[in-house]
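In what follows, a structure is listed as structure tokens, so that the remarks can point back to it.
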Amino acid sequence: MVRVESPPTDREVPVVRVVLLPVVLLLGATAAGSALVAPAARIPVAVCGAITTLVVAVLTVALHRARRATRVQRAEHEQRIAYLEHRIHSHDAETVRLTKEVMPAAIRRLRVGNSPDEVMRDIVDADAANRHLPKALREQIHQVLEVIDNEEARRDSAQRAFVSVARRVQAIVHRQASELREMEDHYGRNPEVFDDLLRIDHGTALIGRLADSIAVLGGARPSRQWPKPVPLFSVLRGAMSRILEYQRVDLHSIAKVAIVGTSVEPLIHACAELLDNATRYSPPQTRVHVTAVEVQTGIAIEIEDGGVSLSEEARARAENMLAQAQAGINMNDLGESPRLGMAVVGRLSRMYQLQVSLRQSAYGGVRAVLIVPREMITTGPAPGIAHGIGATSRPTSSLDMSQLQHVVPPPGKRKPKPAPTGPVPSVAAPVPTGAPA
1 MVRVESPPTD
11 REVPVVRVVL
21 LPVVLLLGAT
31 AAGSALVAPA
41 ARIPVAVCGA
51 ITTLVVAVLT
61 VALHRARRAT
71 RVQRAEHEQR
81 IAYLEHRIHS
91 HDAETVRLTK
101 EVMPAAIRRL
111 RVGNSPDEVM
121 RDIVDADAAN
131 RHLPKALREQ
141 IHQVLEVIDN
151 EEARRDSAQR
161 AFVSVARRVQ
171 AIVHRQASEL
181 REMEDHYGRN
191 PEVFDDLLRI
201 DHGTALIGRL
211 ADSIAVLGGA
221 RPSRQWPKPV
231 PLFSVLRGAM
241 SRILEYQRVD
251 LHSIAKVAIV
261 GTSVEPLIHA
271 CAELLDNATR
281 YSPPQTRVHV
291 TAVEVQTGIA
301 IEIEDGGVSL
311 SEEARARAEN
321 MLAQAQAGIN
331 MNDLGESPRL
341 GMAVVGRLSR
351 MYQLQVSLRQ
361 SAYGGVRAVL
371 IVPREMITTG
381 PAPGIAHGIG
391 ATSRPTSSLD
401 MSQLQHVVPP
411 PGKRKPKPAP
421 TGPVPSVAAP
431 VPTGAPA
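Numbers 1 to 437, taken from the UniProt record's numbering, label the letters of the sequence shown in order.
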């Protein structure tokens, strides 16, 4: 509570002391003037002096009271300004504390899974420093938490929808790939049919990679699983089989190590996205060179293309996209014409502790370096294979295929080829001997 009082250094002067000096001076001047003038003029001079003394005394008292009121008002004004400055400073400090401490802690609790009411009870009500917050500010914080919770719920719902659609596409692609592998094994001796089946199989792999990219951006993990370790060379060949222009990729100096089965599919997908970017954004007559050497932290996979080198702005933009994907990119941030490659690589890097960097290539283009940690590498036997034809190159799938029996019939239960419908061609009658043709 602020009290209105005069400063202790300024003492109040009594009004008698203020009036006494001018009254005494005027009375002395009146007495001196009356003594100096003629006897007939003494009475008028004395009357005028008395009246002047009275007027001066009244004015002196009025001025003294006005001065004292002004000093009191000035003191009140200064105290009000000091009080307002203190309130503004405390309000700014409270706002900074709410912005940097209370709201981030509340949002973290909200993203963990707590409701806005639980967050208000645990953060605002439980903390003694937050109990004195005004009711309007508490309601405002609660409304902000509800808006964030609704936005998170809608985003999670959209991501789950994307993942669900991607999973259905993955299941269809996996079933179709299994059917194509069986047909390749069956018609392997017929070069023409086998060549067509390989082209269809390659297109199916491209569709599967796109579905995997959508699932990964939605926060899910790749559905396909490799039960056994796979050599790194086979992993890179498997990544080549999932891009359109795989003929332009050359493998050089691949380290003779293997990748554990649980990490094969993520590494194939990340390498496929980097290879796709290298072939897509480089001239069609150039080659893409891939090397994999062993370093202290693991395996460094370098992908170099002969395209146009990245400028500092473009490289910063690409690295910013990788950082956003590692932090958790939103579907709305992809834009109308999304470039999924870097976003998918960033999300996979976050899931499996991969490291990706972009540099200038010795061929004049871009060099992407992917560091595979040692936890994903094994030196033991690697009987698996991620490329080629046959049962050994088939990964398992964690998807439920029971819902897709209506799409493709299971193996061994294919329906026989139906008889052709339509008009039956008539058999030509035999031509008699000697008759004109």
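For each residue, glycine too, the CB sits at the ideal point set by N, CA and C.
| Query | Result |
| --- | --- |
| Strictly by DSSP, which residues pair up with H252? | T291 |
| Are A177 and A205 touching if we call contact CB-CB under 9 Å? | yes |
| Using the DSSP secondary-structure output, state which residues sit across from R370 in a beta bridge. | Reading the sequence as shown, one finds Leu at residue 370 and not Arg. DSSP, once it has assigned bridges, lists I301 and V356 as partnering L370. |
| Which of the three DSSP states, helix, strand or coil, is assigned to R237? | helix |
| Could you name the residues of the same chain whose beta carbon sits closer than 6 Å to that of R374, not counting the 5 residues immediately before and after it, in chain order? | G298 |
| Once DSSP output is grouped into helix, strand and coil, what is the label at I385? | coil |
| Using the Cβ count rule (16 or more neighbours within 10 Å means buried), how would you classify L63? | exposed |
| In the DSSP output, which residue or residues are listed as bridge partners for A258? | P231 and T378 |
| Between which two residues does the alpha helix (DSSP H) holding Y83 run? | P39 to R97 |
| Could you tell me whether the Cβ atoms of R209 and E245 are closer together than 9 Å? | no |
| Quick one: Cα of P191 to Cα of E184, how far? | 10 Å |
| In chain order, what residues of the same chain lie with their CB nearer than 8 Å to the CB of A255, ignoring the 5 residues before and after it? | L232, A292, V293, E294 and I299 |
| Per the DSSP calculation, R138 is bridged to which residue(s)? | DSSP, once it has assigned bridges, lists no residue as partnering R138. |
| Which residue from L217, V308 and L322 puts its Cα closest to that of S361? | V308 |
| Can you tell me whether N320 is buried or exposed? The criterion is at least 16 other CB atoms within 10 Å of its CB, across all chains shown. | exposed |
| Between which residues of its own chain and I111 is the CB-CB distance below 8 Å, once the five residues before and five after are set aside? | The question names Ile, yet the displayed sequence has Arg at residue 111. Same-chain partners within the cutoff: E152. |
| Please work out which residues of its chain come closer than 6 Å, Cβ to Cβ, to P383, disregarding the five sequence neighbours upstream and downstream, and give them in chain order. | K228 |
| To the nearest angstrom, how far is the alpha carbon of M103 from that of R168? | 39 Å |
| With DSSP run on the structure shown, which of helix, strand or coil describes Q225? | strand |
| Tell me the DSSP secondary structure of Q296 in three-state form. | coil |
| Got a sec? Which residues, its chain only, sit under 6 Å from A270 by beta carbon, not counting five neighbours each side? | V345 and L348 |
| Here's the rule I'm using: 16 or more other beta-carbon atoms within 10 Å means buried, otherwise exposed. How should A273 be labelled? | For the sequence presented, residue 273 should be read as Glu rather than Ala. Buried, by the Cβ-count rule. |
| Give me the Cα-Cα distance between A32 and R80, rounded to the nearest whole angstrom. | 52 Å |
| First and last residue of the alpha helix (DSSP H) that includes S34? | V15 to L36 |
| Return the Cβ separation of A166 and G218 in integer angstroms, given the expectation that the two are a contact with Cβ distance under 8 Å. | 7 Å |
| Does the separation of the CB atoms of A239 and I200 fall below 9 Å? | no |
| Pull up the CB-CB distance for A46 and S34, whole angstroms please, since I reckon it's below 8 Å. | 5 Å |
| Buried or exposed: which applies to D305, given that a residue is buried once 16 or more other Cβ atoms fall within 10 Å of its Cβ? | buried |
| Considering Cα atoms alone, identify which of P39, A211, A66 and V19 is closest to L54. | V19 |
| Could you spell out the range, first to last residue, of the alpha helix (DSSP H) harbouring I243? | No alpha helix (DSSP H) holds I243; DSSP gives it neither H nor E. |
| May I have the straight-line CA-CA distance separating G28 from P44, to the nearest angstrom? | 16 Å |
| Taking the C-alpha atoms as reference points, what is the distance between A161 and L340? | 18 Å |
| According to DSSP, is R167 part of a helix, a strand, or is it coil? | helix |
| Taking the alpha helix (DSSP H) that P283 belongs to, which residues open and close that run? | Counting along the chain, P283 falls outside any alpha helix (DSSP H), and DSSP gives it neither H nor E. |
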